[in-house]
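Engineer: Protein chains in written order, with the numbering used here: chain L, 1 to 201; chain Y, 202 to 956.
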Amino acid sequence: MYLSAKVNQHGVIGQLLRQVVPGIAAVLLSLFSNIALAEVRFDISEVKVNLVDKVYYLNARVDYELSDKVLEVMHRGVPIVVALDIEFQRSRRFIWNDEIAQLVQRYQLEYHALTQQYLVTNLNSGLQYSFPTLEVALALLGTVVDLPVLDEQLLEGKGRYIGFMRASVDVGELPTPLRLRAYFSADWHLSSEWYSWTLAN
Amino acid sequence: MDIGKLKRLGSGALPVALLSILLLSSLLLMSAATQNSEQFGRLYMLLLLVNLLGLIALLVLIFSNLLRLRRQYRNRATGSRLTVRLMLMFVLLALAPVSLVYYFSLGFIQRGIDSWFDVRVERTLDDALELSRASLEARSRELMKRTEQMNAKLQLSDDVGLPQVLDELRVSDGASELTLFMGGGHVVASSSINPADIVPDLPNESVIRQVRQSGSAYVTLDPLSERGLYVRVVTQVPAATPLLETRFLQALYPISDRVSVLANSVESAYTQYQQLLLLRGPLKNSFILMLSLVLLLGVLMAVWLAFFSARRLVTPIRVLAIGTRAVAAGDYTKRLPMHSGDELGFLVESFNDMTLKIAHAQEDVRNSQHQAEQERAYLWAVLARLSSGVLTLDVNRTVYTVNVAAEHILGVESKACIGYELDEIVERYEYLKNFANAITPHLAELSSEAKGKGDWREEVIFYGATGRQVLMCGGASLPGDEDGYVIVFDDVTNLVQVQRDAAWGEMARRLAHEIKNPLTPIQLSAERLRHKYLKTMAPEDAVVLDKSTHTIVQQVEVMKEMVQAFSEYARTPKLELRPRALNHLIDEVLDLYRNNRFGMTVVTDLQDDLPLVSLDSGRMRQLLHNLIKNALEAMADGEMKIELTTRAFSERGVSMVELQVSDSGPGIPVTILENIFEPYVTAKPKGSGLGLAIVKKIVEEHSGVIWAENSEHGACMTIRFPVAQGSLDDVVPLAVEEAGQDKVTPFKQRDGEKA
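#1: Could you pull out every residue in the same chain whose Cβ sits closer than 6 Å to the Cβ of Y/Ser815, ignoring the five residues on either side in sequence?
#2: Identify, in the order they occur along the chain, each residue of the same chain with its Cβ nearer than 8 Å to the Cβ of Y/Ile787, setting aside the five sequence neighbours on each side.
#3: If you count every other CB in all the chains shown that lies within 10 Å of the CB of Y/Glu576, and 16 or more means buried, which is it?
#4: Give the range of the beta strand (DSSP E) segment to which Y/Asp327 is assigned.
#5: Does any CB atom of chain L fall closer than 8 Å to the CB of Y/Gln437?
#6: How is Y/Asp806 classed by DSSP in three states: helix, strand or coil?
#7: Answer yes or no: does any C-beta atom of chain Y fall closer than 8 Å to that of L/Leu138?
#8: Is the beta carbon of Y/Val858 closer than 8 Å to that of Y/Leu783?
#9: Using a Cβ-Cβ cut-off of 6 Å (strictly less than) and excluding sequence neighbours within five positions of Y/Ile610, which residues of its own chain qualify?
#10: Which residues of chain L have a Cβ atom closer than 7 Å to the Cβ of Y/Asp458, listed in chain order?
#11: If the cut is a Cβ gap below 8 Å, which residues of chain L does Y/Asp423 touch?
#12: At what residue ranges does the stretch 228-296 of chain Y contain a whole run of the alpha helix (DSSP H), taking only runs of 4 or more?
#13: For L/Tyr129, which residues does DSSP report across the bridge?
#14: Residues of chain L with a CB under 8 Å from the CB of Y/Asn405: which are they?
#15: Would you mind working out which of Y/Arg448, Y/Pro424, Y/Ala418 and Y/Leu445 sits nearest Y/Val434, comparing C-alpha positions?
#16: Output needed for Y/Glu323: all residues of its chain with C-beta closer than 8 Å, excluding positions within five of it in sequence on either side, in chain order.
#17: Can you check whether the CB of L/Leu147 is closer than 8 Å to the CB of L/Val120?
#18: Under 7 Å between beta-carbons, which chain L residues line up against Y/Ser281? List them in chain order, please.
#19: Round the Cβ separation of Y/Thr750 and Y/Glu769 to the nearest angstrom and send it over; I've been treating them as touching at under 8 Å.
#20: Output the residue ranges of the beta strand (DSSP E) runs that lie fully inside the stretch 554-620 of chain Y and measure 3 residues or longer, sorted by chain position.
#21: So what does DSSP say about L/Ser192, is it helix, strand or coil?
#22: What is the residue span of the beta strand (DSSP E) that L/Val169 lies within?
#23: Provide the residue span of the alpha helix (DSSP H) that contains Y/Ser373, from first to last.
#24: Would Y/Pro934 be called buried (16 or more neighbouring beta carbons within 10 Å of its own) or exposed?
#25: Please classify L/Glu65: does DSSP put it in a helix, a strand, or coil?
#26: Out of curiosity, what's the CA-to-CA distance linking Y/Ala639 and Y/Val627?
#27: Taking Cβ positions only, does L/Ala186 come closer than 8 Å to chain Y?
#28: Under three-state DSSP, which class holds Y/Ser377?
#29: Three-state secondary structure (DSSP) at Y/Lys898?
#30: Can you find at least 3 beta carbon pairs, one from the stretch 76-94 of chain L and one from the stretch 164-174 of chain L, that sit closer than 8 Å?
#31: What residues in its chain sit with their C-beta under 7 Å from that of L/Ser185, if we drop five residues either side in the sequence?
#32: Going by CA-CA distance only, name the one from Y/Glu660, Y/Tyr621 and Y/Gln670 that's closest to Y/Tyr632.
#33: In the DSSP assignment, the beta strand (DSSP E) including Y/Thr846 goes from what residue to what residue?
#34: Express the C-alpha separation of Y/Arg598 and Y/Tyr621 in angstroms, rounding to a whole number.
#35: Between Y/Leu247 and chain L, is any beta-carbon pair separated by less than 8 Å?
#36: By DSSP, does Y/Met918 sit in helix, in strand, or in coil?
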């Protein structure tokens, strides 16, 4: 009785909105929850940041463990893009942290069928390396050496600065037909957890 | 956004058209994206989302339209049924071909994509790749041997001449780059075909480790994008002395352009095929998704268009239906808006013409009705102010109209008459019986005769509420479809009376004048005769003369008296009407008769608190004297008893005072009862015959009525006076009033004579 009264009051649109919007929200929520439930297969360790000539250089080790699906697609000649998201924040006491720097380092891993080599390309610099085995290629991919990440000038005086880092497979770079499925598949949502460390200043 | 706006948006064509165009363009972009277009590839998800939202918006629009239509259908709104039918037809018309196309397109997509893949093509590509590999491997092995030979030559040279040796070896061997380096990556010497390459391209550590462990050469094909394909050979250069660190030689050999291009071509074809194999399912799905979206968009647009066009089509019909309903309900002022110039527009125009004409006709009818009403009101006003009574009856003798004068004359109320038959009215007002009886034969006559003829006039006499009434009636049948009669009558009672009175008065005056003149000479002559000849005549003659002259004188005296009475009758002194108490006057007059001189008994029954009556006291005394005298004369032979009664009563809303004078005489003969109040009508041997005539005249002067009737023991005169409009305060004491007035004592002489 209450419902029908309400419907009369707000008309058709209101009724529709009340019925349809929750439905859409539920679908979207389930999609995002799928994305949120990305598999944690990458592991970040041995993070070190060195200050040389007023520039911070990042050294780290990332263990990539690709899913079978990703490997299959890669062996079929589709390049896989892996992204390193690095972020620096200034810690503030009562409000949210202040983001002071952010960069994305992207690598492309592909298989060259003719030569049976794995090619790793740094998409930021354009440098390319070839490796005879996947392990070696992943090892190189996972070795971050002296990556300039932050200019000291960006640090405004004393304070507590926190660095964040995460490695993940960039689904957006896949061929279009594959991408739609990849968005909703756990096989493709490979990532590490956010690794954080305090920046000594 | 409020609901009203949304609804307007839903019904407007432009927003939906815009939405459709937007959706269509986004679908086109999506289609481009599916074709592996780099540009739109990144927008794919966004486009998909836009499409989905757009479709949902369309769905919402259609759904709201549908609900609205359903509501209208349930409420049986005008045109909703036709809208539903048209819409269903349009939707069916749109859906059938679209579904057919969709079904076959699905099949074509499946088969079309499947047809790209063939086992033979796949095998051929595999073989081509294998062949390329084999060919390149052969070349690699050859280059490896050559490098090993170089390695042997290098071992012989010392470090000082190394760069030069390397240059020579590189040129002779056809390598693009030669590098001698330590295990840790330290370059000892290097030579490149390109002098700009200062930093040599060293192998990675794993290769060095492998070479060091196996001791044999490492050869590989490197597909570096900026240099193209080349062969990399890494060999270990044995140290000259064990103390020295192991060195490695790397040679990079370019693959000839022709081979490189071919190999790349094979590689890319293979890769593409592999990708296609991989994308087979997703590609199909995304094509089907695209197609479904296009179909959905098409269908939804068709449905919406169906709504739109159905509504557009139905609008003039709906308007017509509403207009027809309005006309049916009597609203002829309704003008329908013109929508189009087509047949429907023509229909609407004709409808408007029709209603206009009907409205004009209606207006004319109303005007004439108004005119008729005005005429009726006019006639009614005239009728109401007529002094003649007008009565109309229908053929069944049912009263149709009664004007004010008729009400007054007949003493009836129009409410009690209109709509009733004459007989019913007579039942209610019995005194109208005479009237009804008088006119009934004429009505019968009228109805039998031709219309317009047979007018009649007749004098009708009846005893109404105000006594005897003389009506001059006239009648005719009414013109018109329905038979009816009109009766016009005038109350001529007073007129007749006045005429009669005037005639009598005139006669009396002349008579008095003519008779009075010779009377005195006659009397004087008689007295003179007597005086002169009585003494001289013989006694017997003297007796005769005495007797005769005495008779002459006496009769002359009587005649004088009579003449006096005539002139009294003719005289009409000015009345002085004032509210007075009737009982006082009666008491005063009766005092004169109570001394038993006349040997009669006077009985009075006077009601106390009698209302006042407008009276002229002198005339009233005369009236009482006349009545009493009349009674006395009537009772001369028998028991003499006279009774006076007064009472107040109310009849038909009129308050009256009644005076009854009854005697114990023989009563009035029936033959003269009708005309007893006329002059010279009398039952008595003596008497002028004017006594009661004067009484009646006085009563009428006082707006009263008088009639005579015979009771069980004698005659009875009844007089009624209307009650004066005033209070007791207005009463003037009799003594004061009459101090300056002549006391009227009629028949004084006669009283005296009798006494």
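C-beta atoms are modelled at their ideal positions from N, C-alpha and C, and glycine is treated no differently.
Structural biologist: On the basis of the coordinates in this document:
#1: Excluding sequence positions up to five before and after Y/Ser815, its CB lies within less than 6 Å of the CB of Leu778, Pro780 and Ala925, all in the same chain and listed in chain order.
#2: Thr805, Leu807, Leu825, Leu845, Thr847 and Leu860
#3: exposed
#4: Taken as a continuous stretch (DSSP letters only), Y/Asp327 belongs to no beta strand (DSSP E), being part of the alpha helix (DSSP H) at Val320 to Leu357.
#5: no
#6: strand
#7: no
#8: Taking 8 Å as the Cβ cut-off, Y/Leu783 and Y/Val858 qualify as a contacting pair.
#9: Gly590 and Asp692
#10: None at all; the shortest Cβ gap to chain L is about 16 Å.
#11: Thr115, Gln117 and Ser130
#12: The stretch 228-296 of chain Y contains, as complete alpha helix (DSSP H) runs of 4+ residues, the segments 239-242 and 245-275 (chain order).
#13: L/Val120
#14: Tyr129, Phe131, Val136 and Leu140
#15: Y/Ala418
#16: Here the set comprises Tyr474 and Leu478.
#17: no
#18: None at all; the shortest Cβ gap to chain L is about 16 Å.
#19: Contact doesn't hold; Cβ gap of about 28 Å is too wide.
#20: 590-595 and 600-603
#21: Looking at L/Ser192 - three-state DSSP - the assignment turns out to be coil, as it is neither helix nor strand.
#22: Where L/Val169 is concerned, the enclosing beta strand (DSSP E) stretches over Tyr161 to Val169.
#23: Leu363 to Asp374 is the span of the alpha helix (DSSP H), which, as asked, contains Y/Ser373.
#24: Low confidence applies to Y/Pro934: its pLDDT is 45, below 50, so where it sits in the model is not reliable enough to give any reading.
#25: Coil.
#26: 12 Å
#27: no
#28: Note: Y/Ser377 maps to coil in three-state DSSP.
#29: helix
#30: yes
#31: none
#32: Taking only the C-alpha atoms, the option nearest Y/Tyr632 is Y/Gln670.
#33: Lys842 to Glu852
#34: 8 Å
#35: no
#36: strand
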